[in-house]
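Step one of this worksheet: look at the structure below.
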Amino acid sequence: MDVVVKTLNIIKFPCFAHTLNLGAEKLYNCNTVSNWAARIRSVIVWIKRSHMAKVVLKEKQQLLKLPQHMLLLDVRTRWKSLYLMMERFCEQLQL
């Protein structure tokens, strides 16, 4: 395929989704992002496992008039879930 592309002088564009996935994978492997994600993940896991923490979270959300959303955990194979986890965490950060 590459030979035909070169022979016919065709411009070849990489798959956007694949390129985006590779970029997200590099981001996952970045130490700074990985450390922050691990800290956020541990807080979310603690809140999900603790009934009292869930109750306090709901009370604080009502008191501060924040959206009544539960925090989300990321899934390693779904790169967008890292973004959603951090976005939801930042949304509730006023607590």
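UniProt numbering numbers the first residue of the sequence shown as 1 and each following residue consecutively. Every residue, glycine too, gets a C-beta built ideally from N, C-alpha and C.
Inter-residue Cα distance where the pair is residue 14 and residue 24:
16 Å
How is residue 76 classed by DSSP in three states: helix, strand or coil?
coil
Quick one: Cα of residue 62 to Cα of residue 10, how far?
58 Å
Less than 6 Å between C-beta atoms, sequence neighbours within five positions excluded: which residues of the same chain meet that for residue 21?
none
Alpha carbon of residue 58 to alpha carbon of residue 44, nearest angstrom:
14 Å
Going by other Cβ atoms of all chains shown within 10 Å of its Cβ, with 16 needed for buried, is residue 82 buried or exposed?
buried
Exposed unless 16 or more other CB atoms sit within 10 angstroms - verdict on residue 52:
exposed
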